[in-house]
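542 is the number of the first residue of the sequence shown in our numbering; add one for each residue after it. Beta carbons are placed, not taken as given, at the ideal position from N, Cα and C, and that holds for glycine. Reviewing the structure listed below.
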Amino acid sequence: MQVLSFIPALALATCALAHPAESAFAYPRRPRIDLERFRLSPHAEYIGSTLIEQSYVETATELVRETFPNATFRLQEDHYIGNNGVAHVHFRQTVHGIDIDNVDFNVNVGKDGKVFSYGNSFYTGPVPGIADLAKHEFTDPVPALKFALTTFQLSIQADVVSAEATKHPQNYIFRGMSGAVSDPTAVLVYFMKLNRTLSLTWRIETDIDENRLLTYVDAETAVEIHGVVDYVSESTFKVYGWGINDPSELENRLVLTDPWDVTTSPLTWFGDGQKFWASTRGNNAIAQENFSGKGSYINNSRPDTPTRNFTYEYAANTSPKTYINASVTQLLYTANTYYDLLYTLGFTEKAGNFPDGSGTNNANFATPPDGKPGRMRMYMFTQNPPPRDTVFEAGVIIHEYTHGLSTRLTGGPDNSRCLNAFESGSMGEGWGDFMATAIRLKPHDTRATDYGMGTWVDKSPWGIRQYLYSTSTGTVWATILYEVLWTLIDKHGKNDSARPIFDQRGVPQDGKYLMLKLVVDGMAL
């Protein structure tokens, strides 16, 4: 009986829209209004370049001028040089001195003064006339505020509200209100809609603690919302955390909030470029039950909660069907966390990353060429009742996911046939067991520490392999990798955190993550 299927989603184009410092994606918890219908749309593209200038700001500015000679824009003050020596410069496009609030240009400049990459979502259509602005043919900000409050049923009292002008043109603070953490504000901005046309809007900012919203209300009518951003996000997972291989290592699960890495999962684990889901699906993965064992998955049951509160009870001595939501949540968490780590180690979109009840006592991963989603199937182990769900042994998930990693990297994203021979297939098995073992290492482990694969699901100290920490067909390769791992740890030490620390060359500073990086890079050679 198959329990779960897991579909790693295809990676989408990176969005160059500015992201607030806080996580920006959530459904409001009080009241439950669907903000996703108003979600901002991406308009970005990525391009390489070799432009050289004297200073990184001048270099970046000249690039924007050359790329869009007819555009007006302003330098944003958040430019900086990272600890890797790369400078990051951001620009905001303007029309008649007014920001296009969801349109940006970001430039990355290396230590040698060369621009090696940039992204932009600049508007290239006809520029609105200035006459309407001069005649102030747009609404007062108060109706826009009231429309936002009504639409999202925000608990702010605005019966006697007034708009107080600030020293900046078309910037206002609302006075005479109650129920907000701070006084709401309004700024007149342009907004590029999904059809790439511009609308003059009031950007209304409201903070009621549960939700801190930027709402773009049409400035001409004050009865249409073009987009919304929520700065507050609290997705909650009750899981065995990263580095915990199975329930035998930790009795109680952890409750984690927003565990994703926004540098590798900028849409969090719930966005897919078009929508932010309230269920266990997103750009990186789609996880659900599959008791029937059929090939279809999209309409299968998965946890769904408007507040993204994935805290479900788990009892190993009961039927797996009683804790299916906990199983799906654990699968999504482990697979996404591994996705974020592999992305950090170089398994990106260009490398072919992956942004069911047909059996028991096993797991597998199907890896078609890039452009089609991979499929992982996690089964029940039933030899020793009660059955155990493989999703609660992280090493099994990591092993299967690594099959997808090695298949995509060895032959290139479009070729999934390079590991079909016995010898190469055995290397694939060895890679899978090695990655699972390296990730579960504990602070006090040594070269003499032995681990088994599938020991928990199989209820056996030896696990499902002929030897500890390797597989019957991948024994030699997994053993070689494990020995090299400890040689590098002996020389460079071991980082026990969930993410590597890189030096200025992009090389992990410790032996464990250096080995993981070498393995990932080596697959592509």
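**Prompt:** By how many angstroms is the C-alpha of H631 removed from the C-alpha of S965?
**Reply:** Counting from 1 along the sequence shown, the entry for residue 965 is found at position 424. Counting from 1 along the sequence shown, the entry for residue 631 is found at position 90. Distance between the alpha carbons of S965 and H631: 46 Å.
**Under the three-state DSSP convention, the category M718 falls into** = Indexing the sequence shown from 1 puts residue 718 at position 177. In the displayed model, M718 falls within coil according to three-state DSSP, outside both helix and strand.
**Prompt:** Helix, strand or coil: which one does DSSP assign to E830?
**Reply:** For the purposes of this step, residue 830 is identified with residue 289 of the sequence shown, where counting begins at 1. DSSP places E830 in strand when its eight states are reduced to three.
**Residue burial classification, D645 (beta-carbon count within 10 angstroms, cutoff 16)** = To locate residue 645, count along the sequence shown from 1; it is residue 104. With 16 or more Cβ atoms within 10 Å of its Cβ, D645 is classed as buried.
**Prompt:** I839 bridges to which residues according to DSSP?
**Reply:** In the sequence shown, the residue the question calls residue 839 occupies position 298. Partner(s): none; I839 has no beta bridge.
**Asked** According to DSSP, which residues form a beta bridge with E746?
**Response** Numbered from 1 along the sequence shown, position 205 holds the residue referred to as residue 746. Secondary-structure assignment with DSSP links E746 through a beta bridge to T726, L755.
**Given V650 as reference, the closest of G666, F688, L604, E618 once Cα atoms are compared** = Taking the sequence shown and counting its residues from 1, one reaches residue 650 at position 109. Checked all of G666, F688, L604, E618; the closest Cα to V650 is L604.
**Prompt:** First and last residue of the alpha helix (DSSP H) that includes F963?
**Reply:** Counted from its first residue, the sequence shown places residue 963 at position 422. For F963, the enclosing alpha helix (DSSP H) has its first and last residue at 963-980.
**Asked** Ordered along the chain, which non-local residues of its own chain (more than five positions away) have a Cβ less than 7 Å from that of V1025?
**Response** Here residue 1025 is taken as the residue at index 484 of the sequence shown, counted from 1. The residues are M1056.
**Request:** Less than 8 Å between the CB atoms is what I'm expecting for T742 and Y757, so what's the real figure, rounded?
**Result:** On the sequence shown, residue 742 is found 201 positions in, with the first residue counted as 1. On the sequence shown, residue 757 is found 216 positions in, with the first residue counted as 1. About 4 Å separates the two Cβ atoms, so the contact holds.
**Request:** Quick one: grab the DSSP three-state call for Q634.
**Result:** In the sequence shown, residue 634 corresponds to position 93, counting from 1. Look at Q634 here: in three-state DSSP terms it is strand.
**Prompt:** For W783, which residues of its own chain have a beta-carbon under 6 Å away from its beta-carbon, when the five flanking residues on both sides are left out?
**Reply:** Walking along the sequence shown from the start, residue 783 turns up at place 242. Closer than 6 Å at Cβ, skipping near neighbours: T878, A1039.
**Asked** Between W1027 and R981, what straight-line distance do the alpha-carbon atoms span, to the nearest angstrom?
**Response** Walking along the sequence shown from the start, residue 1027 turns up at place 486. Walking along the sequence shown from the start, residue 981 turns up at place 440. Straight through space, the alpha carbons of R981 and W1027 are spaced by roughly 14 Å.
**Request:** Indicate the three-state DSSP secondary structure (helix, strand or coil) for D799 in the structure shown.
**Result:** Within the sequence shown, the letter at position 258 stands for residue 799. Reduced to three states, the DSSP call for D799 is coil.
**Asked** Between the beta-carbon of V869 and the beta-carbon of T821, is there less than 8 Å?
**Response** Residue 869 sits at position 328 when you count from the first residue of the sequence shown. Residue 821 sits at position 280 when you count from the first residue of the sequence shown. Yes.
**Request:** Determine the DSSP secondary structure at M994, reduced to helix, strand or coil.
**Result:** Counting from 1 along the sequence shown, the entry for residue 994 is found at position 453. Reduced to three states, the DSSP call for M994 is coil.
**Presumed contact (8 Å Cβ cut-off) between P984 and D1031, rounded CB distance** = For this step, residue 984 is matched to residue 443 along the sequence shown. For this step, residue 1031 is matched to residue 490 along the sequence shown. Approximately 15 Å separates the beta-carbon atoms of P984 and D1031; this is outside 8 Å, ruling out the contact.
**Asked** Is it the case that the Cβ atoms of T885 and T809 are separated by a distance below 8 Å?
**Response** As a first step, residue 885 must be located in the sequence shown, where it is residue number 344. As a first step, residue 809 must be located in the sequence shown, where it is residue number 268. Contact flag unset, no.
**Message:** Let me check understanding here. Comparing Cα to Cα, which of Q634, P710, R753 lies closest to A612?
**Reply:** The residue given as residue 612 occupies position 71 in the sequence shown. The shortest Cα separation from A612 among Q634, P710, R753 belongs to Q634.
**Prompt:** Short check: CB of A876 to CB of A826, under 8 Å?
**Reply:** What you label residue 876 is simply residue 335 of the sequence shown in a count that begins at 1. What you label residue 826 is simply residue 285 of the sequence shown in a count that begins at 1. Yes, they are a contact pair.
**Of the listed residues L1029, G1034, Q1045, I1042, nearest to V1060 (C-alpha basis)** = One-based indexing of the sequence shown puts residue 1060 at position 519. Out of L1029, G1034, Q1045, I1042, L1029 has the C-alpha closest to the C-alpha of V1060.
**Message:** Judging by CA-CA distance, which residue of T680, K1053, V932, I1021 is the nearest neighbour of D986?
**Reply:** Within the sequence shown, numbered from 1, the residue matching residue 986 stands at position 445. Nearest neighbour of D986 by Cα position, chosen from T680, K1053, V932, I1021, turns out to be K1053.
**Prompt:** Since V650 is in the beta strand (DSSP E), which residue starts that stretch and which ends it?
**Reply:** Along the sequence shown, one-based indexing puts residue 650 at 109. Following the DSSP letters along the chain, one finds V650 inside the beta strand (DSSP E) bounded by residues 639-650.
**Request:** Tell me whether S967 is buried or exposed, calling it buried when 16 or more other Cβ atoms sit within 10 Å of its Cβ.
**Result:** By 1-based counting over the sequence shown, the position of residue 967 is 426. Counting Cβ neighbours within 10 Å, S967 comes out buried, since at least 16 surround it.
**Prompt:** If T1084 and L616 are in contact, beta carbons under 8 Å, what's the gap, nearest whole angstrom?
**Reply:** Past the edges of the chain, shown from 542 to 1066, lies residue 1084, and the structure says nothing about it.
**Message:** Taking the alpha-carbon of E761 as reference, which of D681, P844, M994, K708 has the nearest alpha-carbon?
**Reply:** Translated into the one-based positions of the sequence shown, residue 761 becomes position 220. Measuring from the Cα of E761, the nearest candidate turns out to be D681.
**Asked** Is M733 near P725, with beta carbons less than 8 Å apart?
**Response** The sequence position of residue 733 within the sequence shown is 192, counting from 1. The sequence position of residue 725 within the sequence shown is 184, counting from 1. Cβ distance not < 8 Å, so M733 and P725 don't count as in contact.
**Message:** Short of 6 Å in beta carbon distance, which residues of its chain neighbour S776, apart from the five on each side in sequence? Order them along the chain.
**Reply:** Locating residue 776 in the sequence shown gives position 235, counting from the first residue. Exclusion of the five residues before and after S776 leaves D799, R849 as the residues of its chain whose Cβ lies within less than 6 Å of its Cβ.
**Contact under 8 Å by Cβ, R729 with Q711** = For the purposes of this step, residue 729 is taken as the residue at position 188 of the sequence shown. For the purposes of this step, residue 711 is taken as the residue at position 170 of the sequence shown. The sequence given here has Leu at residue 729, not Arg. Taking 8 Å as the Cβ cut-off, L729 and Q711 qualify as a contacting pair.
**Item:** Limits of the unbroken beta strand (DSSP E) element including A706
**Value:** Start at 1 with the first residue of the sequence shown, and residue 706 comes out as number 165. It spans 703-706 - the beta strand (DSSP E) in which A706 sits, taken as one unbroken run.
**Asked** Do you know how far the Cα of F832 is from the Cα of G900?
**Response** As a first step, residue 900 is located in the sequence shown; it is residue number 359 there, counting from the start. As a first step, residue 832 is located in the sequence shown; it is residue number 291 there, counting from the start. Note that G900 scores 45 on pLDDT, short of 50, meaning its location in the model is unreliable and no value can be drawn from it.
**Boundaries (first-last residue) of the alpha helix (DSSP H) holding F688** = Sequence index remark: in the sequence shown, residue 688 carries index 147 (1-based). In the DSSP assignment, F688 falls within the unbroken alpha helix (DSSP H) covering 682-692.
**Prompt:** Does DSSP classify Y1010 as helix, strand or coil?
**Reply:** In the sequence shown, the residue the question calls residue 1010 occupies position 469. Here the model assigns Y1010 a pLDDT of 45, short of 50, so the residue's position is not dependable, and the following value carries that caveat. Collapsing the DSSP output to three states places Y1010 in coil.
**Request:** Determine the burial state of L791: buried for a count of at least 16 other Cβ atoms within 10 Å of its Cβ, exposed for fewer.
**Result:** Walking along the sequence shown from the start, residue 791 turns up at place 250. Under this definition L791 is an exposed residue.
**Prompt:** With a CB to CB cut of under 7 Å and the five nearest residues on each side skipped, what residues in its chain are close to S947?
**Reply:** Translated into positions along the sequence shown, residue 947 becomes position 406. Excluding five sequence positions before and after S947, the CB atoms of its chain that fall closer than 7 Å to its own CB belong to L960, G969, W972, M1064, given in chain order.
**Prompt:** According to the neighbour-count rule (16 or more other Cβ atoms, all chains shown, within 10 Å of its Cβ), is Y597 buried or exposed?
**Reply:** Here the question's residue 597 lines up with position 56 in the sequence shown. Y597 should be labelled buried.
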